[in-house]
Structures are given as C-alpha cells and as structure tokens.
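S.K.: Questions regarding the structure given below will be posed in turn.
2 protein chains.
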Amino acid sequence: MNIIRTIEELKEMLQNKNRSVGFVPTMGSLHEGHISLLKKARLENDTVVASIFLNPTQFLVGEDLDKYPKKDDSDKKICELCGVDYLFMPDITTMYSKDEVLVKAPKISSYILEGETRPGHFDGVLQVVLKLFHIVNPTNAYFGKKDAQQLSLITQMVKNFYLDINIIECEIVRESDGMAFSSRNVYLSQNERIEALKISQSIQLAAKSIGNGELECKSIISKMDKILYSNEIEIEYIAIVDRNFQILEKVELENTIVLVAVKIGTTRLIDNIWV
Amino acid sequence: MNIIRTIEELKEMLQNKNRSVGFVPTMGSLHEGHISLLKKARLENDTVVASIFLNPTQFLVGEDLDKYPKKDDSDKKICELCGVDYLFMPDITTMYSKDEVLVKAPKISSYILEGETRPGHFDGVLQVVLKLFHIVNPTNAYFGKKDAQQLSLITQMVKNFYLDINIIECEIVRESDGMAFSSRNVYLSQNERIEALKISQSIQLAAKSIGNGELECKSIISKMDKILYSNEIEIEYIAIVDRNFQILEKVELENTIVLVAVKIGTTRLIDNIWV
Chain E
7 MNIIRTIEEL KEMLQNKNRS VGFVPTMGSL HEGHISLLKK ARLENDTVVA SIFLNPTQFL
67 VGEDLDKYPK KDDSDKKICE LCGVDYLFMP DITTMYSKDE VLVKAPKISS YILEGETRPG
127 HFDGVLQVVL KLFHIVNPTN AYFGKKDAQQ LSLITQMVKN FYLDINIIEC EIVRESDGMA
187 FSSRNVYLSQ NERIEALKIS QSIQLAAKSI GNGELECKSI ISKMDKILYS NEIEIEYIAI
247 VDRNFQILEK VELENTIVLV AVKIGTTRLI DNIWV
Chain R
7 MNIIRTIEEL KEMLQNKNRS VGFVPTMGSL HEGHISLLKK ARLENDTVVA SIFLNPTQFL
67 VGEDLDKYPK KDDSDKKICE LCGVDYLFMP DITTMYSKDE VLVKAPKISS YILEGETRPG
127 HFDGVLQVVL KLFHIVNPTN AYFGKKDAQQ LSLITQMVKN FYLDINIIEC EIVRESDGMA
187 FSSRNVYLSQ NERIEALKIS QSIQLAAKSI GNGELECKSI ISKMDKILYS NEIEIEYIAI
247 VDRNFQILEK VELENTIVLV AVKIGTTRLI DNIWV
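Residue numbers (our numbering), protein chains in the order written: chain E, 7 to 281; chain R, 7 to 281.
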C-alpha cells in the first residue's frame, strides 16, 4: 500500500484511465463500518483508493473537531489489510486555501434534520467530497447508509453537477447487540453505552411495526419515543422520510428511512433503518 | 458538425479519452470575440466542443435575460465555419432542476467590481461552468480576457476544486475603431455607439500612460475619468487590479488589469486592458 500526501502524486498514480477505481473517503478512526466499505471497494474495482482527512469545514464552531478520535497507525493497518492500493492522507493546507469557491448544499433538504442542528455542516461535506472526487476521479465511490442524509445529498450533487461517478450505498454495520458502529462510540461511558442500545432498539421496533402493517408515521414515532424515553437521552429528532428526504406521513414501502438523532451526555449519535 | 441537445448524447460522443478536447462555452449571439476563441480551440485540439446556453442563474432580477440577443441560425453557421465538431445546445430543464446543490463564488473577490453591481452573478457563472466542465470534460477551455473577473474566478475554481482542465486566456478582439466586441453592442443607438468609443479610448490612454512610466493608479484613473466624462455615460467603476483582482495603488508591470464599467442609456458595457 502506498501512503500519499500530495494531490499531484495521487493524480500521477491514477493516470491509467482504463482501470476501474473504487474510492472510500473517510475521516479516519476506522471501524467495522469502514472496513465493510473497503472490502466492497476491493471486490468491485481494479484499484482501491481510501482517504483519511479530518475535514474542518464540516464541523461547526463548538463541535468535536479537536477531540475527534485519531488512530493513524491502526487506520493504516486496517487499510493495508483490506487491500487498499493508495491511502491518501493530505494535510489541511493541501486541501484548502483562503477565500475559496464554495459548494452550498440545497436550501431545503440540507437544513432539516441533521442540517437543522448543524447548519452549514453539509456545505462542508459536499465541498470536501467534490474536491476528493476531482482528485481521485473514481469509477465507484462508497458511502455508508448510516449517514443517510449525507448519502442523499452526495447522490444529489453527483446528479446536479453531472459527475461520472457511481455512488454505492452500503449497509450499516452493527455490533452484536445491535448498536451501529460509529467513531463517536468511544466517547460513551459504560452506562451511556447501555443507554445507547435504546437507539437501535427503537428503529428495530419501527421496522417490526412496519412489517406488521403499521404505516402511520405518527404512531410509529410515538412508539419509538417511548423506547427512547430516559433521563440520560436527549432526543434531537425522530423522523420518517422518503429516499429524497421528504418527510412522510405514511410509510412508503421500499422508499422509507426511519431516522433517530440523540444526545447522550455530550455525545451525539445517529442511527437509521431503510424499509 | 453535430448539434447535440442532451448530456447523455454528448458524453457518449466524447468517450474517447485519448483525444484532446477544446471547449468554448458561450451564451450565443456569437461575434468576432467568440470566433477567435473557436479558431484557437480548433488549432489546439483534436476535438472542438462549443456550447450555447443562455444561463439564467447568472442574470439578476431586472437584468436583460429576456431581451438578450438570440441568433441561433447565424450562431450555428459560425460554429460550423470555425470547425466545431459538437455544438451543445441544451434547454434549461436539461441543465437545471429544483433546489440544487449550488456553487458559491469566493466572498471577497466576487463581491467587488462586477460583483458589487451584480451580486450573485458569479455564483451563477461558476455553477453553469462547473456543470459544463463535468459534461464536456475538456482538456482546454477557452475564455476571453474581456470578462476578466469571470476569467479570474473560473481559474480560481479550477484550482480550488482540483479540476484537470487548462484555462486558456484569450485576447480581446476589437472593431477597427477600438471598440471591444460584445453581444450587448447591438443595444446601442448610433449616437450611443459613438459615445461608447470613449471606453476603449480611456483604457488605451491608461496603457499609454503606464508605458510612459506613470504608475500611480489614482492619477491614471483621474485621466480616464476625464475622457469618459459625458452626459451620456454613467461610470460604474474604473479600477486597477492585479491578476488576482486585488485593487492596486501602484501599477505592477505584467500583473495589472485596468478595468472600466459604464452604462450608456440602458446598456451596460465593460472593457479592460492587461499591462
């Protein structure tokens, strides 16, 4: 595996346009979720590029940019074991300069749910993803369904900007007790970790209710609310949307995502299920 | 020459990645200025693509979008005679959809000069140029120096977003009396056309003064102001900037652009000279 720090070097390495390139962009602190993306990329492409870049423009003032977990050595090891060919690890001055041309997420869909509590977050996500797409020029780019709204907006950007890239949606990977893997799970105390189980339990209940024919979103959300009720959990939102992130009143089978965002202590956690 | 209306068809035509592609994006109403871009593109590339798209997002409310001159038949003829291979003429629903991911021009350099009187104009320019770049994927893209600030911002976008495209800066083409070609010249009455000559005279005087060793911008601007003084001419700005559009106090040789924007009647005209 080659570790690459500069854009010129990476572009040089990827000059052969006849090979398919799979790309997995990350912010590091890799876990089983990322590993599943890397393995899928390895299976489906001639060349695999992963990137690790803790992107400052997607963090709001006061968010956890400074304490975001860093695990460079184990990240490199994981990429190597997953068969990554090129691991791109740029520093911030490589990726950004002053007073730049910016990307702005769509008004409506980027200022609800995640965007409501994190205004501007998706502008930063799309900005860095667009840059990385231009640098790597991948055939296929892999994103987890866990960040469902991010995935939806990246898919929209590719469509709006006419990029020739396939966005591959990858399933959420969970621990044996159902908890979705997340780089932020390490922030949780033992007690908080137990409380956090209610998150995946709530969406699994939603899926089960829907399976049993319950389609009224209000009623499903109310059941989830009951499961999540706890002194330790502050619910940011429970929402049921279609694949384009339009809020639904009635579940549309094969076109619905049930979303939860909570805070446990100071840790913000999200989860979702696609039905 | 093939006239192409859809993105899919154009991408299909341009699949051969081993041929160099020269691209000339326009809003139609082609004149000698455009012809010089097309000829240069023809000389320097295997394949030449031109586009004609009157881009609504770069016009502000109340500007001349509706009355912007349209000359489809002569435009097609000109492209054919200049050796264009593919003329891309999309309609608006091909290029835009609702609530899109947007491009935002840099705060500082896009809100001075042209951007001051036309706030948001450059956001629209960069948005459509980025889309067209992704669709055509050109080796070389040709822009005239007449829209100097636009050229500077497009160059910056290519740099900020790491696009693999050479931006080719092309000289301003003038009528025999010095007037720069512009699609908007057709708006001028005979009398206004005579008054408009003062624009090119003012920048030619600036260039001459600089040639004679005058480097104080204040003094140069004052001389230009005198030439432009007229009941028919409303000066929007006279400015002297470096290639990055930083306002200069002293001329920097080989790094200076002298700019003028005026209104004559209801017609807005710009011109500049690079020294």
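We put the beta carbon where it would ideally sit given N, CA and C, even for glycine.
Small disclaimer: the values here were computed from a predicted structure and weren't measured.
In whole angstroms, what separates the C-alpha of Thr161/R from that of Val179/R?
M.R.: 21 Å
S.K.: Would you mind working out which of Ile270/E, Asp52/E, Ser35/E sits nearest Asn197/E, comparing C-alpha positions?
M.R.: Ile270/E
S.K.: Check each candidate in Thr272/E, Glu222/E, Ile58/E and name the one with the smallest Cα separation from Pro31/E.
M.R.: Ile58/E
S.K.: Which chain R residues are close to Phe149/E, counting only those with a beta carbon under 7 Å from its beta carbon?
M.R.: At a beta-carbon threshold of 7 Å, none of the residues of chain R lie near Phe149/E; the nearest stands roughly 15 Å away.
S.K.: With distances taken from CA atoms, which of Asn8/E, Lys77/E, Leu36/E is nearest Val90/E?
M.R.: Asn8/E
S.K.: Helix, strand or coil: which one does DSSP assign to Ile84/E?
M.R.: helix
S.K.: Note down, in chain order, each residue of its chain lying with its Cβ closer than 8 Å to the Cβ of Thr272/R, except the 5 sequence neighbours on either side.
M.R.: Tyr193
S.K.: When DSSP labels each residue in this structure, what does Asn22/E get in the three-state scheme?
M.R.: coil
S.K.: Would the beta-carbon of Gln64/R fall within 8 Å of that of His140/R?
M.R.: no
S.K.: Name the DSSP beta bridge partners of Tyr243/R, please?
M.R.: DSSP, once it has assigned bridges, lists Ala267/R as partnering Tyr243/R.
S.K.: Excluding the five sequence neighbours on either side, which residues of its own chain have a C-beta within less than 6 Å of the C-beta of Val131/E, listed in chain order?
M.R.: Taken in chain order, the residues that qualify are Gln64, Gln156.
S.K.: Counting only beta-carbon separations shorter than 8 Å, does Met163/E have a partner in chain R?
M.R.: Closer than 8 Å: yes.
S.K.: Measuring only between beta-carbons, confirm whether Asp231/R sits less than 8 Å from chain E.
M.R.: With a threshold of 8 Å between beta carbons, Asp231/R makes no contact with chain E.
S.K.: Is there at least one Cβ from chain E nearer than 8 Å to Asp81/R's Cβ?
M.R.: no
S.K.: Where Ile174/R and Gly28/R are concerned, what is the direct C-alpha to C-alpha distance, given to the nearest angstrom?
M.R.: 10 Å
S.K.: Should Asp105/R be flagged as near chain E, meaning a C-beta pair shorter than 8 Å?
M.R.: Judged by the 8 Å Cβ criterion, Asp105/R is in contact with chain E.
S.K.: Are Ala202/E and Met185/E touching if we call contact CB-CB under 8 Å?
M.R.: In this structure, Met185/E lies closer than 8 Å to Ala202/E by Cβ.
S.K.: Go through its chain and collect everything with a Cβ distance to Thr53/E's Cβ below 6 Å, but skip five positions before and after it.
M.R.: Arg25, Val27, Asp91
S.K.: Please work out which residues of its chain come closer than 7 Å, Cβ to Cβ, to Ile239/R, disregarding the five sequence neighbours upstream and downstream, and give them in chain order.
M.R.: Glu201, Lys204, Val268, Ile270
S.K.: Val257/E: buried (16+ other C-beta within 10 angstroms of its C-beta) or exposed?
M.R.: buried
S.K.: As an exercise, report each continuous alpha helix (DSSP H) stretch of at least 4 residues that is fully enclosed by the region 167-202 of chain E, in chain order.
M.R.: none
S.K.: Does the beta-carbon of Arg124/E have 16 or more other beta-carbons within 10 angstroms, so that it is buried, or is it exposed?
M.R.: buried
S.K.: Looking at the secondary structure, which residues open and close the alpha helix (DSSP H) in which Thr32/E lies?
M.R.: Element bounds for Thr32/E: not the alpha helix (DSSP H) but the beta strand (DSSP E), 27-32.
S.K.: Can you tell me the Cα-Cα spacing of Leu297/R and Asn237/R, whole angstroms?
M.R.: This structure leaves residue 297/R out entirely; chain R is present only between 7 and 281.
S.K.: Smallest Cα separation from Leu16/R: which of Leu108/E, Asp170/E, Ser189/E?
M.R.: Asp170/E
S.K.: Given that Val109/R touches chain E, what residues does it touch there, using C-beta distances under 8 Å?
M.R.: Val107, Leu108, Val109, Lys110
S.K.: Below 8 Å on C-beta distance, what does Phe167/E contact in chain R?
M.R.: Val107, Leu136, Lys137, His140
S.K.: Per the contact definition of three or more C-beta pairs closer than 8 Å, is the region 104-113 of chain R in contact with the region 103-113 of chain E?
M.R.: yes
S.K.: Going by DSSP, what residue range makes up the beta strand (DSSP E) through Ile279/E?
M.R.: According to the DSSP assignment, Ile279/E belongs to the beta strand (DSSP E) that extends over 273-280.
S.K.: Apart from the five residues just before and just after Ser215/R, which ones in its own chain have a Cβ nearer than 6 Å to its Cβ?
M.R.: Ile226
S.K.: Between Ser115/R and chain E, is any beta-carbon pair separated by less than 8 Å?
M.R.: yes
S.K.: Consult DSSP for Ser57/E and reduce its assignment to one of helix, strand or coil.
M.R.: DSSP places Ser57/E in strand when its eight states are reduced to three.
S.K.: To the nearest angstrom, report how far apart Cys176/R and Tyr102/R are at their CA atoms.
M.R.: 29 Å
S.K.: Which residue's Cα is closest to the Cα of Leu44/R: Asn146/R, Leu66/R, Tyr117/R, Asp248/R?
M.R.: Asn146/R
S.K.: At the level of alpha carbons, what is the spacing between Arg48/E and Phe187/E?
M.R.: Near 21 Å, if we compare the C-alpha coordinates of Phe187/E and Arg48/E.
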